[in-house]
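All the letters of the sequence shown, read from the start, carry residue numbers 1 to 361 under full-length UniProt numbering.
By construction, the Cβ of each residue, glycine as well, lies at the ideal position given by its N, Cα and C atoms.
Note that the coordinates shown come from a computational prediction; the quantities given were computed from them, not determined experimentally.
Worksheet: the structure to be examined is printed underneath.
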Amino acid sequence: MVHKVQGVIVREKNAPATIETILVPEPGPGEALVDILTSGVCHTDLHYQQGGISDDFPFLLGHEATGIVNSVGPDVTEVKPGDRVILNWRAVCGECRACAKGQPQYCFNTHNATQKMTLEDGTELSPALGIGAFIEKTLVAAGQCTKVDDESDAAAIGLLGCGIMAGIGAAINTGEVKRGESVAVIGCGGVGIAAIQGSQLAGATTIIAVDIDQAKLDRALELGATHAVNSRNEDPVEAIRALTGGHGADVVIEAVGRPETYKQAFYARDLAGRVVLVGVPTPEMMLELPLLDIFGRGGSLKSSWYGDCLPSRDFPMLVEQYKLGRLNLDAFVSERIGLGDVEAAFAKMHAGTVLRSVVEL
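What follows is the structure in structure tokens.
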């Protein structure tokens with residue numbers, strides 16, 4: 001049986017996102033068919049539209065999603081029909097060298113569904129991050145489904161599927177923020193705000209938000225930052241040092257993905273401090289730093305892949321923190337929209353007026 005459903009695609013670079021009829025096959029071995037409940041509109045979806053990820057058009061957009069498992073293929077044991085799940089884009093293989101070392105969060109052989117979703121004319125679609133969630137039903141690898149409870153707001157917890165997890169994980173998993181430490185977060189969009197919340201959850205006592213947009217800084221202060229630095233008006237490195245006894249922060253999280261802001265992060269950390277890059281650079285960007293400074297300052301320079309998360313471990317734990325009132329996921333849901341509003345949501349994202357628009361089906 002093939003399911004004929006509505007979904008949002010982009011046919012070519014910079015083309016508008018449009019609603020099309022999509023054919024979704026029944027799940028095969030290791031696959032799950034999921035009825036989508038919600039899907040956040042993430043910057044990564046915009047990057048797909050702009051051709052910044054690959055040129056494998058047409059793309060089926062959407063990936064920060066919750067849903068209900070509709071059916072599963074043969075031999076699937078992770079989930080069953082009726083389970084409420086958050087989707088993730090890194091189904092671990094359990095067999096590669098990272099998994100064999102007990103580090104499945106770094107799995108080098110993550111996988112997606114084998115079968116393809118198509119347009120009515122047979123054109124195969126490339127689902128965003130192997131998910132494609134701006135659609136009524138999607139086909140994924142069963143390992144991309146993490147079961148969660150039925151009580152929490154689907155729109156809020158679904159954001160753990162990508163950007164919010166990236167930010168929280170950059171602080172907790174990659175940066176290993178400890179109780180009493182100081183943290184600076186450069187870039188206060190959705191990922192940066194999530195890094196601030198992750199730092200607060202980990203017990204940081206000084207959390208410095210850095211951005212050029214005062215409205216974003218005000219929001220950061222509302223959501224866990226203890227200090228705000230407008231880098232349009234003052235040197236962020238000197239400001240961070242001044243707020244940390246002249247030393248620099250224990251952890252600096254760069255959530256922009258630009259050489260200029262990465263250099264700020266590098267010099268704003270304390271000796272033996274940690275820099276975490278979670279902002280996504282573009283292919284042409286280059287970074288130049290004196291090698292002696294890298295050697296002389298010690299510490300570590302890390303990149304955070306998806307917040308170095310293990311969805312089966314981290315999603316349920318963070319949902320519980322949300323239910324206990326320790327993690328404010330509701331604040332990230334700026335608006336709830338329909339499938340036909342995705343293009344308008346991209347415009348609001350450009351303007352910086354939303355943390356997340358969330359498609360509800």
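Do residue j and residue i come within 8 Å of each other at the CB atom, strictly closer than that value?
| i | j | result |
| --- | --- | --- |
| C96 | N109 | yes |
| L287 | Y267 | no |
| S71 | L37 | no |
| K116 | H3 | no |
| N173 | G299 | no |
| V177 | A202 | yes |
| H63 | G224 | no |
| V8 | L339 | yes |
| S231 | D218 | no |
| L310 | I168 | no |
| I253 | G163 | no |
Helix, strand or coil for residue i? Go by DSSP, reduced to three states.
| i | result |
| --- | --- |
| G67 | strand |
| E78 | coil |
| V10 | strand |
| E95 | coil |
| T44 | helix |
| H350 | helix |
| V342 | helix |
| R84 | strand |
| L277 | strand |
| P127 | strand |
| E26 | coil |
| K263 | helix |
| R258 | coil |
Excluding the 5 residues preceding and the 5 following residue i in the sequence, name in chain order all residues of the same chain whose CB lies nearer than 6 Å to its CB.
| i | result |
| --- | --- |
| T205 | G180 |
| S126 | D56, F59 |
Among the options, which residue has its Cα nearest to the Cα of residue i?
| i | options | result |
| --- | --- | --- |
| Q144 | K137, I131, A156 | I131 |
| V5 | K302, D35, K13 | D35 |
| S199 | G161, S231, K216, D250 | D250 |
| D314 | D211, E284, A166, L291 | A166 |
| D121 | E20, Q214, I212 | E20 |
Keeping to the same chain, check which residues put their C-beta closer than 7 Å to that of residue i; ignore five residues upstream and five downstream.
| i | result |
| --- | --- |
| R356 | G40, V41, L159, G190, F332, V333, S334 |
| K80 | V69, V72 |
| R11 | F57, P58 |
| P27 | L33, S71, V72, G73, L139 |
| A113 | E31, L139, V140, A141 |
Could you name the residues of the same chain whose beta carbon sits closer than 8 Å to that of residue i, not counting the 5 residues immediately before and after it, in chain order?
| i | result |
| --- | --- |
| D75 | P29, G30 |
| H247 | R241, D270, L271 |
Sequence ranges, beta strand (DSSP E) only - wholly within the segment 294-322, length at least 3: 300-303
4 or more residues per run - each alpha helix (DSSP H) lying fully within the segment 175-205: 190-202
Minimum length 3: unbroken beta strand (DSSP E) runs contained in the segment 133-166: 137-141, 145-147
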